[in-house]
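What follows is a set of notes on a single structure, which appears directly below.
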């Protein structure tokens, strides 16, 4: 046990000798190893301050709640004061119209170079009517530069936008029995008539027609059947009738039932009134003259309806925009009344003339000469006054004109449908015995 114990003195000597040998073998180890330096703490670098944002060109609204309560809402405004009234719109229209009339529309040329073109009915007649005044003939003067077909096409858009086409449809729906259309022109109403009722028309239908169930209907009351027995279209202009004839042969007749007897080619005849020594040319498209066009003047001669002497009066007489285009409207009304069946017959006129608004009448008067030269009519005539005076009323035509009532002529109704400032008139007349 003593050999295994090591004295402290011997252990230290052994350790010393071992360290000496190590230092002798490595001379560099004689130098003492310097102590490891203690790392210094890194100095704290302060971050640069954030740049101040540049002010915006507009103020930023503050969304902080306001300590004071919001103000009460303003009282409701009167909408009638904000919405433009009819009077205001009309005033703008007048200003715009005046600007157009001054800057765009040329000055009304004169007929003789000294006096303006005026209507003989409003000029007082007399000697001036033959020198300064233009007398309508029923033929549009604008056809001097364009064809009748082009004139007809130009009216399509205007009439569809102003509501005239719908009035024509209503007018054509009233055509029953023996129908006479005066101033038929280019046949603008042809596409609106009920032509199927004329298929197989014959003179036997003029007296009475068996209805469904074996009963007979009185031909004197065509409204009971709602169909036409015959159609006669009348006009003074040949080229206008040529367009109407083309519409019949290309559009109307081919649409009739295949069993409809046609006059191929259409027959041409001459109608003569021996009393007045007036002749008129007629072209017939169906046997027994069920559909025919007649070239004549409404101021002189109106042919009777086709058929036996018992049917020498028309059930319906129609005219669209015709009284504005004739030299003597009262004479035309007298002629129409002479061929109308008393009591049950009706004269239905679709016309345009003076309206109910003063500013509109001022516009019509200002541009009446330009309109007459283009369309051949005076659109500023007081047609309601003319008709009522012809029917024995107390209305007097503005500015003069012929006076006197047509025997038996009575006004059924005169309406202004509301189109174009009250210038369009729907007139219904009848004849009493």
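Numbering (my numbering), first residue to last: 2 to 434.
Ideal Cβ positions, reconstructed from N, Cα and C, are used throughout, including at glycine.
* To do: Tell me whether residue 296 sits in a helix, a strand or coil according to DSSP, three-state version.
  => Strand.
* Enclosing beta strand (DSSP E) for residue 431 [first to last residue] -> Start and end: 425-432.
* Express the C-alpha separation of residue 75 and residue 413 in angstroms, rounding to a whole number. => Going from the Cα of residue 413 to the Cα of residue 75 covers about 56 Å.
* Spell out a yes or no on whether the segment 144-159 and the segment 309-320 are touching, meaning 3 or more CB-CB pairs, one atom from each, closer than 8 Å. => Contact between the segment 144-159 and the segment 309-320 is absent, because fewer than three Cβ pairs lie under 8 Å.
* To do: Run the CB neighbour count on residue 327, radius 10 Å, all protein chains shown included, and call it buried at 16 or more, exposed below.
  => Under this definition residue 327 is a buried residue.
* **For residue 233, the three-state DSSP class (helix, strand or coil)** => Three-state DSSP puts residue 233 in a strand.
* When the Cα of residue 340 is compared with those of 303, 38, 324, which residue comes out closest? -> The shortest Cα separation from residue 340 among 303, 38, 324 belongs to 303.
* To do: Give the DSSP-derived three-state secondary structure of residue 150 in the structure shown.
  => In the structure shown, residue 150 falls within a helical segment according to DSSP collapsed to helix, strand and coil.
* By DSSP, does residue 163 sit in helix, in strand, or in coil? -> Residue 163 falls in the helix class under three-state DSSP.
* Do residue 195 and residue 169 come within 8 Å of each other at the CB atom, strictly closer than that value? -> It is not a contact, given that the beta carbons lie outside the stated cut-off.
* Does the distance from the C-beta atom of residue 245 to that of residue 323 stay below 8 Å? -> Against a cut-off of 8 Å, the Cβ pair of residue 323 and residue 245 comes out as no contact.
* Going straight from the alpha carbon of residue 232 to that of residue 369, what length do you get? -> One C-alpha to the other measures close to 34 Å.
* To do: Would you tell me roughly how many angstroms separate the C-alpha atoms of residue 365 and residue 381, rounded to the nearest one?
  => About 5 Å.
* For residue 283, the residue or residues it bridges with in DSSP -> Note: residue 283 sits in a beta bridge opposite 270, 295.
* Within 8 Å, strictly: CB atoms of residue 199 and residue 173 -> In this structure, residue 173 does not lie closer than 8 Å to residue 199 by Cβ.
* Ends of the beta strand (DSSP E) at residue 347? -> Per DSSP, residue 347 is one residue of the beta strand (DSSP E) stretching across 347-353.
* Cβ-based burial, residue 35 [other Cβ within 10 Å; buried from 16] -> So residue 35 ends up on the exposed side.
* Sub-8 Å separation of residue 184 and residue 120 beta-carbons -> In this structure, residue 184 sits away from residue 120, with a CB-CB distance that is not shorter than 8 Å.
* Alpha carbon to alpha carbon, how far is residue 159 from residue 269? -> Those two C-alpha atoms are separated by around 34 Å.
* With residue 430 and residue 416 assumed to form a contact (beta carbons below 8 Å), what rounded beta-carbon distance in angstroms separates them? -> Contact between residue 430 and residue 416 fails: their C-beta atoms lie close to 13 Å from each other, not under 8 Å.
* To do: Throw me the rounded Cβ distance for the residue 197 and residue 257 pair, which I believe falls under 8 Å.
  => A Cβ-Cβ distance of about 7 Å is found for the pair residue 197 and residue 257, placing them in contact under the 8 Å criterion.
* Asked: In chain order, what residues of the same chain have a beta carbon less than 6 Å from the beta carbon of residue 372, not counting five sequence neighbours either side?
  -> So the list reads 380, once near-sequence residues are dropped.
* Please classify residue 306: is it buried, with 16 or more other beta-carbons within 10 angstroms of its beta-carbon, or exposed? => By the 10 Å Cβ count, residue 306 comes out buried.
* Whole-number beta carbon distance between residue 422 and residue 356, since they are thought to touch under 8 Å -> With 8 Å as the limit, residue 356 and residue 422 qualify as a contact, their Cβ atoms being about 5 Å apart.
* Rank 409, 300, 292, 378 by C-alpha distance to the C-alpha of residue 343 and give the top, closest one. => From the listed residues 409, 300, 292, 378, the smallest Cα separation to residue 343 is found for 409.
* Asked: What residue does the alpha helix (DSSP H) around residue 247 start on, and which one ends it?
  -> First-last of the alpha helix (DSSP H) with residue 247: 239-248.
* Let me know the secondary structure DSSP gives residue 1 once reduced to three states. => Because the chain is modelled from 2 through 434, residue 1 falls outside the range shown and cannot be assessed.
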